[in-house]
Every structure is written in structure tokens, then in C-alpha cells.
Amino acid sequence: MPPATTADRSATQWSDAKRADALPDEGAMGTQPGAGAARAVVQGVQKMTPSEAFVETLVANGVTDIFGIMGSAFMDAMDIFAPAGIRLIPVVHEQGAGHMADGYARVSGRHGVVIGQNGPGISNCVTAIAAAYWAHSPVVIVTPETGTMGMGLGGFQEANQLPMFEEFTKYQGHVNNPKRMAEFTARCFDRAISEMGPTQLNIPRDHFYGEIQCEIPKPMRVERGAGGEKSLDAAAELLAQAKFPVILAGGGVVMGDAVEETRLLAERLGAPVVTGYLRNDAFPASHPLWCGPLGYQGSKAAMKLIAQADVVLALGSRMGPFGTLPQHGLDYWPKDAKIIQVEADHTNLGLVKKISVGIAGDAKAAARAILARIDRKQLACDATKAERARKVADEKKAWEDELSGWSHEKDAYSLDMIEEQKKEPGNWLHPRQVLRELEKAMPAHAMVSTDIGNINSVANSYLRFDEPRSFFAPMSFGNCGYALPTIIGAKTAAMHRPAISYAGDGAWGMSMSEIMTCVRHGIPVTAVVFHNRQWGAEKKNQVDFYSRRFVAGELDNESFAGIGKAMGAEGVVVDRLDDVGAALRKAVDAQMKDGKTTVVEIMCTRELGDPFRRDALSKPVRFLDKYKDYV
Ligand SMILES: Cc1ncc(C[n+]2csc(CCOP(=O)(O)OP(=O)(O)O)c2C)c(N)n1
Ligand SMILES: [Mg+2]
Numbered sequence: 126m127p128p129a130t131t132a133d134r135s136a137t138q139w140s141d142a143k144r145a146d147a148l149p150d151e152g153a154m155g156t157q158p159g160a161g162a163a164r165a166v167v168q169g170v171q172k173m174t175p176s177e178a179f180v181e182t183l184v185a186n187g188v189t190d191i192f193g194i195m196g197s198a199f200m201d202a203m204d205i206f207a208p209a210g211i212r213l214i215p216v217v218h219e220q221g222a223g224h225m226a227d228g229y230a231r232v233s234g235r236h237g238v239v240i241g242q243n244g245p246g247i248s249n250c251v252t253a254i255a256a257a258y259w260a261h262s263p264v265v266i267v268t269p270e271t272g273t274m275g276m277g278l279g280g281f282q283e284a285n286q287l288p289m290f291e292e293f294t295k296y297q298g299h300v301n302n303p304k305r306m307a308e309f310t311a312r313c314f315d316r317a318i319s320e321m322g323p324t325q326l327n328i329p330r331d332h333f334y335g336e337i338q339c340e341i342p343k344p345m346r347v348e349r350g351a352g353g354e355k356s357l358d359a360a361a362e363l364l365a366q367a368k369f370p371v372i373l374a375g376g377g378v379v380m381g382d383a384v385e386e387t388r389l390l391a392e393r394l395g396a397p398v399v400t401g402y403l404r405n406d407a408f409p410a411s412h413p414l415w416c417g418p419l420g421y422q423g424s425k426a427a428m429k430l431i432a433q434a435d436v437v438l439a440l441g442s443r444m445g446p447f448g449t450l451p452q453h454g455l456d457y458w459p460k461d462a463k464i465i466q467v468e469a470d471h472t473n474l475g476l477v478k479k480i481s482v483g484i485a486g487d488a489k490a491a492a493r494a495i496l497a498r499i500d501r502k503q504l505a506c507d508a509t510k511a512e513r514a515r516k517v518a519d520e521k522k523a524w525e526d527e528l529s530g531w532s533h534e535k536d537a538y539s540l541d542m543i544e545e546q547k548k549e550p551g552n553w554l555h556p557r558q559v560l561r562e563l564e565k566a567m568p569a570h571a572m573v574s575t576d577i578g579n580i581n582s583v584a585n586s587y588l589r590f591d592e593p594r595s596f597f598a599p600m601s602f603g604n605c606g607y608a609l610p611t612i613i614g615a616k617t618a619a620m621h622r623p624a625i626s627y628a629g630d631g632a633w634g635m636s637m638s639e640i641m642t643c644v645r646h647g648i649p650v651t652a653v654v655f656h657n658r659q660w661g662a663e664k665k666n667q668v669d670f671y672s673r674r675f676v677a678g679e680l681d682n683e684s685f686a687g688i689g690k691a692m693g694a695e696g697v698v699v700d701r702l703d704d705v706g707a708a709l710r711k712a713v714d715a716q717m718k719d720g721k722t723t724v725v726e727i728m729c730t731r732e733l734g735d736p737f738r739r740d741a742l743s744k745p746v747r748f749l750d751k752y753k754d755y756v
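The number in this note's numbering is simply the position in the sequence shown, starting from 1, with 125 added.
Following this line, the structure appears as C-alpha cells:
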């Protein structure tokens, strides 16, 4: 019988259930190796080729999907992916593959794996791995390299691939001898999880071949604890005395599966819960203590409440600089508050913000341990629980009312654009109204990815989630072109959940070719494109600092719905507000029921929300006469 080919498996055949079967049992965490992958892995020392050792180690780690583009560099291993139960999902561009691996990892908590041809296939991945690094995604990038006998001679597709990723990986394994293939492969998979970030497995092409004696290592998953007793005691003491405690829930709560523990702790304290920048899914939006995200275009309620804190419990957050900048004219960070920071990566403790107590621990275990210490105690804040709950409700209502009434931007440039566009043919929608309509039409259990751009950032105010592992954004790497491939990866890992991406027309141009990946391989998503005919977010800087001297900011676009159709997807243009919600619902229906991908192109005005940051630019100064007018 001929071996199965990847083409034999459609996305539907390759169901979530089948993937779940393939997982090693990680229920019993600890220093115990993950036991019992459903797909058999060869046991004991065996004669095999390095390709076989590599593939068997993938199987041992539960790998069922790899994103990438085929290449001669790893063809010997690729040839046995299918019989090992591994699907190689061919993408359009390797950057897309890297983002897909990121999205896959972020939604599932499992490794995302990406592979490509040595040299250009690998260098194409750098941006995506950098984004995955700042999202703390357990992505393994497999980088086949020029063969050892050619390296240094300037041959075809030759590149030193370790320096490319040095800054964006937690660990780099270089297979310096074919006999060590399984060892390095296994270590890359272990370290991606234990250090929560990308790792690189660099394999000289010739090291796939030969005959070795080898045992496939069992995956090792390290149990993380709550942190040191003394620091937990100190944290409990501070919280017991706090008058206005606030919890800041970060990515550690999402990745550490700590939402429930955070909820219990918040309820015991009566503490408002704000979420970190682009961590909107770290606490359920339906909970009375949820206040929304900090950071760019975040929730004013969250900012006004954390500003009043005397103690902040930052759970699984590094309190990154970009995510804590003043917003909406509010310099909200509580400089006099005592900060308790819980971080699984101890190097983040006190790195950005001054802290009073640092706990090197897991968000879930630490939240549980802190709760156990304060649960039955009399707390200073007990007396004001009802009063604080009212305050939270009032601030939330004020922000919701403000958002509901904020139908368009009110700055001079935006008002000019709105007027100007009334004279143009076509109907153009106010982005904020569009975002509100999309929010209202959002299906249950939705996964949403956003890109980098002005409208996408404004979207931060309108994206709320009731479950973790639902929201994916390029975090502090901030690269345009992120959203579509990432949601494709997320969908691949969770075919049962609606997958929706947001992108501006500029960022969309960088990434839209991956619609072909959706169509070719039956991975349906719903892609919303905000068509405002400009690189808006950067143009905003030219408005604020360069007297509207626009350089290279205009995008006179084709029909993105049309391009979507040409790639085999559905395409719809929306230019009436009443149609926004219906268009999203219809597209999601087509995704879930008929396996169809839709590009929803929404025609928006050129108005622009607040800039990314106000501290990054200054008014231009010119000394040379020829440039004297450019101030
Ligand atoms: C890869 C990359 N290139 C350039 C930038 C700089 N940049 C940030 S936002 C932006 C404009 C995005 O335009 P668009 O996607 O159309 O969204 P809009 O701002 O118009 O809503 C650019 C060019 C970036 N962040 N990433
Ligand atoms: Mg745009």
C-alpha cells in the first residue's frame, strides 16, 4: 500500500478529537516525563536514521501539525511525516508559518512547530519568531542548515542560522552530530514549554542521514510551584492591610490556566481585576469585577481604578513599558502603591516597575497559596467591599456610556476627513461604530486576532472575552501582518471554535496571500479588513508632529473582497453600518457550517484615533535652510 500523503487528510478528517488522541498525557505534571502518547513511539535503544530519530521525537511530544514550506533540506524526514501521524501544512510564505505556529501554541498550550528550507525559508521566519517570543509562545522552529561539508564556502542558500534567532529564542539546539538528533530535538521541545518561548532546532542537512543507535527521550514537563514561602507570606500581609487592592491579570494567568484562582482571589478581596495590555482574555468580561485592559486604547475604567490602588497584585504580568504608558490623557500608574509581582520568569521581577514583593512562581499556584493565607483572615478592605463594588460598577458604566456615545473621533484631522469624504463617492463608516457592531455580533467562544494599526488598536476597547486563550495580538513586537496567519494557526488547533481576524488594509496586504492556505487546506476563518485607504497609524504621527505632511501614507486599494474571491474565498464589501453585524454572523456561519473562509471588507473613513504613544516623537527641528519650512 502506498504511504498516506498529506493531501489525503482534509482538515475535517483531521479532527480535534484525533489531535487530542495524539497528545501525550500531561495530566500528571511534575518532573515525571509526560507519559503515554497515544501514537506509539519506539521504545529503548534502537537502530534508526537521524531522520527517524527526529520524527519519533516529534511523535513523543505529541506533534500532529507542522507549518512550513517543503524543501530539499529536510525531505528525508518529511517523507515519513505522514506515516508518523504528522501533517505538514504548506503555507504561502514562511513568515505565515511562524505566525501560524504561534497561534496554534497560544490557543492550545501545545507546541507550535514551524519548518522551512535552509537559508531563505528560515530567514523568512525571523519576524514571526520575534512576535512569538514576546507572546511567550512555545514555538519550536526547526531550521535545517547548509551541510557541514559546505558551510563557510558560500554555497547555495548558505546562512548562519543561529545568530538570526539568538535574540528571540529561549534555547537554541544545534545538532552537532547526527547521533544527538533525538537529544537536541527533545530538549528544544522541553525548553519551549519550561521557559515559555520559542526554541530553535538547527540541523545541518547532512545530519538527517546515516545510521545511529538511539533511544527517544520522554518529554519532561517541570512542575512550577507557588513561589517562596517568605514572599507569599509578605504578599498576604500586604493584601491583608490593603484598603484598595487591585489585581492586574497578565499573560501568566492565561498560559498558567489561572483564571479560576484569580476569580476566587478577586472575589475574596472584592478587588477589581484589570488585564494587561492585549491580555483582554485573562479575566471573564461578564464578571462584575472585570474592568478591561490597560494600555493602548484600553479601558478608562481599568485605568481609573488601578490609579486608586494602594496595593496591586500583578499576577503573571511583566508590567511591560508599552502596556503601562499614559492613555486617554490619564497617567494612571499608581506610583505610590505597593506592587506584588508574581512571575514565572524570575528575570521579569521588578524589571520594569518598582515592586515591594516579587514572587517567582506560577500564577495559578501563587494565587491559590495567597488565597489560602488570607481566606479566613479579617482584611482591612473587608469593611469597604460593597462601597468598592459600587465604585467598580460606576466606573465601568461611565466607560461603557462613553464608548457608546463615542461615535467618531473628534480631533481636527478626523473631522476634516469625515467632511471631505462626504463629497467622495461611496459610503464610509466610522471605525468606532463598526467595532461596536462587530463586538455585538461576536459569536460565543470566538477566537480573535488583531493586527497592528490604528483601527485595530482602537478595537482594544471593544474586545471582550469570557474564556482564556481567545485573543491573539502581536504584543510588544508590534508587527503588521500578524493577524491572519495567527488566526489560521489558532483555528488549526481548535477547529470547533469560530476564528476571526482583524486587519487594516496596509497590514492586510502583507498577509492576505495566506487566504490561499485557508482555502487549499480547509482551515476556514473569517477575516475582517478595515479598508480606510491609508497606513493610518503612522499617518497619525504625521498629523500630530509633521503638520499633515503625508509621505507614503496613502493606499489606493483594489477590492479586497474581490482579491479574496480570486483566491477561492467568499468576499463581501460592507459599507452600511446596519450590515456589519449581519455580515460577520453570516461569515462565521459559513465558517462553522460550510467550512468557508470569508473576507469581510469594511469601508471606513480616514479618521484616526489617538496615536500609539505620545512619548516617541518630538516636533521636528531643522537647521539647514533648504528644509526650514519642514517644521
Ligand atoms: C512589519 C511592520 N511594518 C511597519 C510597521 C509600522 N506601522 C505600524 S502601524 C502601520 C500602519 C498600519 O496601517 P493599516 O494596516 O492600514 O491600519 P490602519 O492604521 O490604517 O488602521 C505601520 C506601517 C509595523 N508596525 N510593522
Ligand atoms: Mg489602513
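We put the CB at the ideal spot given by N, CA and C, even for glycine.
Check                                                                                                                                                                                               : Outcome
How would you call TYR755, buried or exposed, if buried means at least 16 neighbouring beta carbons within 10 angstroms?                                                                            : exposed
Quick one: does the C-beta of ASP669 sit closer than 7 Å to a heavy atom of ligand 1?                                                                                                               : no
If you measure between the beta carbons of VAL379 and ARG404, is that distance less than 8 Å?                                                                                                       : yes
Quick one: what does DSSP say GLY298 is sitting in, helix, strand or coil?                                                                                                                          : strand
Strictly by DSSP, which residues pair up with MET173?                                                                                                                                               : ILE337
Alpha carbon to alpha carbon, what distance is there between VAL166 and CYS339?                                                                                                                     : 12 Å
Does DSSP classify CYS643 as helix, strand or coil?                                                                                                                                                 : helix
With GLY322 and SER262 assumed to form a contact (beta carbons below 8 Å), what rounded beta-carbon distance in angstroms separates them?                                                           : 7 Å
Are there 16 or more other CB atoms within 10 angstroms of the CB of GLN96, so buried, or fewer, so exposed?                                                                                        : Limits of the chain in this structure are 126 at one end and 756 at the other, which puts residue 96 out of reach.
Using a Cβ-Cβ cut-off of 7 Å (strictly less than) and excluding sequence neighbours within five positions of ALA462, which residues of its own chain qualify?                                       : ALA434, ASP435, VAL436 and VAL437
Counting only the same chain and skipping the five closest in sequence on each side, list residues whose C-beta sits under 6 Å from that of SER356.                                                 : VAL482 and ILE484
Spell out the partners DSSP gives GLY606 in its beta bridges.                                                                                                                                       : DSSP, once it has assigned bridges, lists no residue as partnering GLY606.
Starting from the N-terminal end, write out each residue whose C-beta falls within a distance shorter than 7 Å of any non-hydrogen atom of ligand 1.                                                : THR252, ASP576, ILE577, GLY578, ASN579, ILE580, ASN581, GLY603, ASN604, CYS605, GLY606, ALA628, GLY629, ASP630, GLY631, ALA632, TRP633, MET635, PHE655, ASN657, GLN659, TRP660, GLY661, ALA662, GLU663 and LEU680
Ignore the nearest five residues each way along the sequence and tell me which others in MET203's own chain have a CB closer than 7 Å to its CB.                                                    : MET195 and LEU213
Which runs of the alpha helix (DSSP H) spanning at least 4 residues fall entirely within the segment 673-721, listed in chain order?                                                                : 685-691 and 702-719
Of the choices LYS753, ARG738 and ARG739, whose alpha-carbon is the least far from that of PRO745?                                                                                                  : LYS753
Let me check understanding here. Comparing Cα to Cα, which of GLN220, VAL239, THR273 and ASP735 lies closest to ALA253?                                                                             : GLN220
In three-state terms, what does DSSP make of PHE281?                                                                                                                                                : coil
What beta strand (DSSP E) runs, 3 residues minimum, are completely inside the segment 542-620?                                                                                                      : 572-574
Please classify ASP190: does DSSP put it in a helix, a strand, or coil?                                                                                                                             : strand
Can you have a look at ASP630 and say buried or exposed, based on whether 16 or more other CB atoms are within 10 angstroms of its CB?                                                              : buried
Near SER233, which residues of its chain fall below 6 Å by C-beta distance, leaving aside the five closest residues on each side in sequence?                                                       : ALA618
Return the residue from the list VAL398, PHE192 and GLU549 that minimises the CA-CA distance to VAL267.                                                                                             : PHE192
Whose C-alpha, out of GLY350, TYR671 and LYS721, is nearest the C-alpha of ARG747?                                                                                                                  : TYR671
Buried or exposed: where does TYR627 fall if 16 or more other Cβ atoms within 10 Å of its Cβ makes it buried?                                                                                       : buried
Apply the 10 Å Cβ neighbour rule to GLN282 and answer buried if 16 or more other Cβ atoms are within range, or exposed otherwise.                                                                   : buried
Looking at the structure shown, is TRP633 part of a helix, part of a strand, or coil, going by DSSP?                                                                                                : helix
Whose C-beta lies closer than 6 Å to the C-beta of GLU392 among residues of the same chain, with five residues either side of it excluded?                                                          : none
Quick check on this structure: which residue in ASN657, TYR229 and GLY246 has the alpha carbon closest to the alpha carbon of ALA260?                                                               : TYR229
How big is the Cα-Cα spacing for GLY706 and CYS729?                                                                                                                                                 : 15 Å
Whether or not the segment 272-292 and the segment 324-333 are in contact is what I'm after, with contact meaning three or more pairs of Cβ atoms, one per stretch, closer than 8 Å; do they touch? : yes
Taking the alpha-carbon positions, what's the LEU287 to ALA307 distance?                                                                                                                            : 19 Å
Taking TRP415 as the reference, give the member of LEU588, LYS547 and LEU742 with the closest Cα.                                                                                                   : LEU588
Nearest CA to the CA of PHE309: which residue from GLN297, GLU320 and SER319?                                                                                                                       : GLN297
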